[in-house]
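Below is one structure, written out as structure tokens; comments come after it.
2 protein chains.
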Amino acid sequence: MTARKVYLAGPDVFFRNAAEVMRKKGELALEFGFSPSTLAEDDLDPAGLTPYEFGLRIGLLNERKMDESDFIIANLTPFRGISADVGTAYEVGYMRARGKPVFAYTNTARDYFTRLTEDHYPGDPLEEVEGVTRGRDGLMIENHGMIDNLMLDTAVADSGGTFVTGDVGPAGDLLGDLAAFRECLAAARAYWQAR
Amino acid sequence: MTARKVYLAGPDVFFRNAAEVMRKKGELALEFGFSPSTLAEDDLDPAGLTPYEFGLRIGLLNERKMDESDFIIANLTPFRGISADVGTAYEVGYMRARGKPVFAYTNTARDYFTRLTEDHYPGDPLEEVEGVTRGRDGLMIENHGMIDNLMLDTAVADSGGTFVTGDVGPAGDLLGDLAAFRECLAAARAYWQAR
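Sequences listed follow chains C and G, in order. Counting in the numbering used here, the first sequence runs from 1 upward without gaps. Counting in the numbering used here, the second sequence runs from 1001 upward without gaps.
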């Protein structure tokens, strides 16, 4: 049987050691019997392109990689704020709409409501009216016991995927730790074996 | 001709006056000849559901609304941080993968690079190596002259949509102002009239 292809999504591409991390993730995917989607370096030559044009080329290349992949494993660990990276959220939506299963992980056990109330509205009095919680700015604070915005949790749950909650602790590598990623690979292997 | 249906996406649903804003947006869409996708209240009864189950129901309902819509207008104004709301980013990816045109707007003229460097890494020395900018934490700072993460800008540009950059100024209603939304409606009308 041909190995299923996995699209590896996440802010890992912004790390200083991005190439090493993506290589490591690719190796782990192979260990679990999957073919990792990797960038074709040839397609990433910025020569002759404006920064904007180069950005478009990367975007379209990522979409082509998604189209070629059977499923996605997304690193949805909070990135530069209380929620996942928006580029990764975009890719989860893209794969979901293509009817492909979404596997995801986060490296913090603190759920969305906790991060919002403790990190974004620290010390603020919260308003509770008819079961709806709001911050001082009047904006609603989702409280569904979910890991992030409900669209992300819904995509994982309804597509048959798994959302792995890791917990690297205060001294851990919040964005880069791969234990939960490994658990996603194991869950994905079980998913495809059952098909 | 049947009116095209527009999916209205954005953090507007979290506003204290969400119902009023969505009604107003729907009225504007009608003025431009579009049928706005609106929530069916009947589908949103939380009775008998856990908060998690209710979250899933909302997520699936939003996906059904997207499937019924011909295009999306997304409010990608920065939300609780330097980037767009992740739920809205998810929806942009979803509609893009369904092959539908993506129209978007932001109410700030400050581009992604500016927001990252001024708001997220204020006062930090930035590192510049081989054309790549990084913050003190080592994370890359995208600098493509784009409005947000390159996946979002790419989706709008390549789908034939328009990304409207508004500027409400410091005293304006950053998240809620509708001038740029109106411009999206005008651009979408031109898009569909050319078809």
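Yeah, the Cβ is synthetic: ideal placement off N, Cα and C, and Gly gets one too. Model, not experiment: these values are computed from the prediction.
- Could you check what DSSP says for C/ASN149 in three-state terms: helix, strand or coil? By one-based count along the first sequence, residue 149 of chain C stands at place 149. Coil at C/ASN149, not helix or strand.
Practice item. Please confirm whether G/MET1151 and C/ASN62 have their CB atoms less than 8 Å apart. Key: Reading the second sequence from its first residue, position 151 is the one you call residue 1151 of chain G. Reading the first sequence from its first residue, position 62 is the one you call residue 62 of chain C. Yes, these two residues count as a Cβ contact at 8 Å.
message = Just checking: is the beta-carbon of G/GLY1048 within a distance shorter than 8 Å of some beta-carbon in chain C?
response = Walking along the second sequence from the start, residue 1048 of chain G turns up at place 48. Chain C, which has no Cβ nearer than 8 Å to the Cβ of G/GLY1048, makes this no.
query: Can you tell which of C/PHE34, C/VAL129 and C/GLY81 has its C-alpha closest to the C-alpha of C/ASP119?
result: Working through the first sequence from its first residue, we reach residue 119 of chain C at position 119. Closest by alpha carbon: C/GLY81.
At the level of alpha carbons, what is the spacing between G/ARG1189 and G/ASP1070? In the second sequence, counting from the first residue as 1, residue 1189 of chain G sits at position 189. In the second sequence, counting from the first residue as 1, residue 1070 of chain G sits at position 70. If you take the alpha carbons of G/ARG1189 and G/ASP1070, they lie about 12 Å apart.
Round the Cβ separation of C/ALA104 and C/PHE163 to the nearest angstrom and send it over; I've been treating them as touching at under 8 Å. Position 104 of the first sequence, counted from the first residue, corresponds to residue 104 of chain C. Position 163 of the first sequence, counted from the first residue, corresponds to residue 163 of chain C. C/ALA104 to C/PHE163, Cβ: 5 Å. Contact.
Consider the Cβ of G/ARG1004: report whether some Cβ of chain C lies at a distance smaller than 8 Å.
Taking the second sequence and counting its residues from 1, one reaches residue 1004 of chain G at position 4. So, not an interface residue.
For C/ARG136, count neighbouring C-beta atoms within 10 Å of its own C-beta (all shown protein chains included) and say buried if the count is 16 or more, exposed if not.
Translated into the one-based positions of the first sequence, residue 136 of chain C becomes position 136. By the neighbour-count rule (16 or more Cβ atoms within 10 Å), C/ARG136 is not buried but exposed.
**Request:** Name, please, each residue of chain G whose Cβ falls closer than 8 Å to the Cβ of C/GLY26.
**Result:** Within the first sequence, residue 26 of chain C is the residue found at index 26, counting from 1. Within 8 Å Cβ-Cβ: nothing; C/GLY26 doesn't reach chain G, min ~19 Å.
task = Taking only beta-carbon positions, decide if G/GLY1138 is within less than 8 Å of chain C.
result = Taking the first residue of the second sequence as 1, we reach residue 1138 of chain G at position 138. Output row for G/GLY1138: interface = yes.
* **Cα-Cα separation, G/LYS1025 to C/ALA186** => Translated into positions along the second sequence, residue 1025 of chain G becomes position 25. Translated into positions along the first sequence, residue 186 of chain C becomes position 186. The straight-line gap from Cα to Cα measures roughly 45 Å.
Nearest-angstrom Cβ-Cβ length linking C/GLY169 and C/ASP12, presumed shorter than 8 Å
Numbered from its first residue, the first sequence carries residue 169 of chain C at position 169. Numbered from its first residue, the first sequence carries residue 12 of chain C at position 12. No, C/GLY169 and C/ASP12 are not in contact; Cβ-Cβ is about 20 Å, not under 8 Å.
Can you give me the start and stop residues for the beta strand (DSSP E) that C/ALA84 sits inside? In the first sequence, counting from the first residue as 1, residue 84 of chain C sits at position 84. It is not in any beta strand (DSSP E) - C/ALA84 carries neither H nor E in the DSSP assignment.
Starting from the beta carbon of G/LEU1060, find every residue of chain A whose beta carbon is closer than 9 Å, and list them in chain order.
The question asks about chain A, but that chain is absent: this structure's protein chains are C and G.
Quiz item: Whole beta strand (DSSP E) runs in the segment 1046-1120 of chain G with 3 or more residues, listed along the chain?
Solution: 1071-1075 and 1102-1106
Q: With 8 Å as the limit, tell me which residues of the segment 1068-1089 of chain G have their beta carbon closer than that to any beta carbon of chain C; keep them in chain order.
A: ARG1080, GLY1081, ILE1082, SER1083, ALA1084, ASP1085, VAL1086, GLY1087 and ALA1089
Does any residue of chain C have a CB that is nearer than 8 Å to the CB of G/PHE1163?
By 1-based counting over the second sequence, the position of residue 1163 of chain G is 163. For G/PHE1163, the answer is no, since every Cβ of chain C falls outside 8 Å of its Cβ.
Practice task
Would you tell me roughly how many angstroms separate the C-alpha atoms of G/LEU1049 and G/LEU1056, rounded to the nearest one?
Solution key: In the second sequence, residue 1049 of chain G corresponds to position 49, counting from 1. In the second sequence, residue 1056 of chain G corresponds to position 56, counting from 1. Spanning the two alpha carbons is a distance of roughly 10 Å.
Measuring straight from C-alpha to C-alpha, what distance separates C/ALA179 and C/GLY166? Here residue 179 of chain C refers to the residue found at position 179 when the first sequence is read from its first residue. Here residue 166 of chain C refers to the residue found at position 166 when the first sequence is read from its first residue. Answer to the nearest angstrom: the Cα atoms are 7 Å apart.
Exercise. Whole angstroms is fine: what's the gap from G/THR1114's alpha carbon to C/LEU116's?
Key: Taking the second sequence and counting its residues from 1, one reaches residue 1114 of chain G at position 114. Taking the first sequence and counting its residues from 1, one reaches residue 116 of chain C at position 116. G/THR1114 and C/LEU116: Cα-Cα distance of roughly 24 Å.
Q.
For the beta strand (DSSP E) containing C/VAL21, name the first residue and the last one.
A. Translated into positions along the first sequence, residue 21 of chain C becomes position 21. Segment 18-31 is the alpha helix (DSSP H) holding C/VAL21; no beta strand (DSSP E) there.
Beta-bridge pairing of G/TYR1007 - partner residues as DSSP gives them:
The residue labelled residue 1007 of chain G in the question sits at position 7 within the second sequence. G/ILE1072.
When you compare the CB positions of G/TYR1121 and G/ILE1072, do they come within less than 8 Å of one another, or not? As a working mapping, residue 1121 of chain G is identified with position 121 in the second sequence. As a working mapping, residue 1072 of chain G is identified with position 72 in the second sequence. Cβ distance not < 8 Å, so G/TYR1121 and G/ILE1072 don't count as in contact.
Inset, instruction - Write down the C-beta distance between C/PHE14 and G/MET1140 rounded to the nearest angstrom, noting that I regard them as a contact closer than 8 Å. - result: Within the first sequence, residue 14 of chain C is the residue found at index 14, counting from 1. Within the second sequence, residue 1140 of chain G is the residue found at index 140, counting from 1. Contact flag correct, Cβ pair sits at about 4 Å.
*asked:* If the criterion is Cβ atoms closer than 8 Å, does the pair C/TYR52 and G/GLY1145 meet it?
replied: Your numbering for residue 52 of chain C matches position 52 in the first sequence. Your numbering for residue 1145 of chain G matches position 145 in the second sequence. In contact: C/TYR52 and G/GLY1145 (Cβ atoms closer than 8 Å).
What's the C-alpha gap between C/GLY93 and C/PRO125? Here residue 93 of chain C is taken as the residue at index 93 of the first sequence, counted from 1. Here residue 125 of chain C is taken as the residue at index 125 of the first sequence, counted from 1. Computed Cα separation, rounded: 34 Å.
Alpha-carbon to alpha-carbon, G/ARG1023 and G/ALA1194:
Stepping through the second sequence from its first residue, residue 1194 of chain G is reached at position 194. Stepping through the second sequence from its first residue, residue 1023 of chain G is reached at position 23. So the alpha carbons of these two residues sit roughly 28 Å apart.
- Taking a Cβ distance cut-off of 9 Å, strictly less, list which residues of the segment 7-38 of chain C are near chain G, in chain order. PRO11, VAL13, PHE14, PHE15, ARG16, ASN17 and ALA18
Excluding five sequence neighbours on each side, which residues of the same chain lie with their C-beta closer than 7 Å to the C-beta of C/ASP148?
Locating residue 148 of chain C in the first sequence gives position 148, counting from the first residue. Only LEU76, SER83, ALA84 and TYR112 meet the Cβ criterion.
**Message:** So if I threshold CB-CB distances at 8 Å, which residues from the segment 1094-1110 of chain G count as touching chain C?
**Reply:** TYR1094, MET1095, ARG1096, ALA1097 and ARG1098
Is the Cβ of C/ASP45 closer than 8 Å to any Cβ of chain G?
What you label residue 45 of chain C is simply residue 45 of the first sequence in a count that begins at 1. C/ASP45 does not count as touching chain G.
Unbroken beta strand (DSSP E) run spanning G/ARG1189, endpoints | If you number the second sequence from 1, residue 1189 of chain G lands on position 189. Premise fails: G/ARG1189 lies in the alpha helix (DSSP H), 1179-1193, not in any beta strand (DSSP E).
Suppose you measure from the CA of C/THR108 to the CA of G/ALA1009; what does that come to, to the nearest Å? In the first sequence, residue 108 of chain C corresponds to position 108, counting from 1. In the second sequence, residue 1009 of chain G corresponds to position 9, counting from 1. Those two C-alpha atoms are separated by around 28 Å.
Does G/VAL1156 come out as helix, strand or coil in the three-state DSSP assignment?
Locating residue 1156 of chain G in the second sequence gives position 156, counting from the first residue. Reduced to three states, the DSSP call for G/VAL1156 is helix.
Report task. Using a Cβ cut-off of 8 Å (strictly closer), state whether G/PRO1170 contacts chain C. Result -> For the purposes of this step, residue 1170 of chain G is taken as the residue at position 170 of the second sequence. Chain C contact via Cβ: absent.
Does the beta carbon of C/GLU91 come closer than 8 Å to any beta carbon on chain G? Sequence index remark: in the first sequence, residue 91 of chain C carries index 91 (1-based). It does: the Cβ of C/GLU91 has a partner Cβ on chain G nearer than 8 Å.
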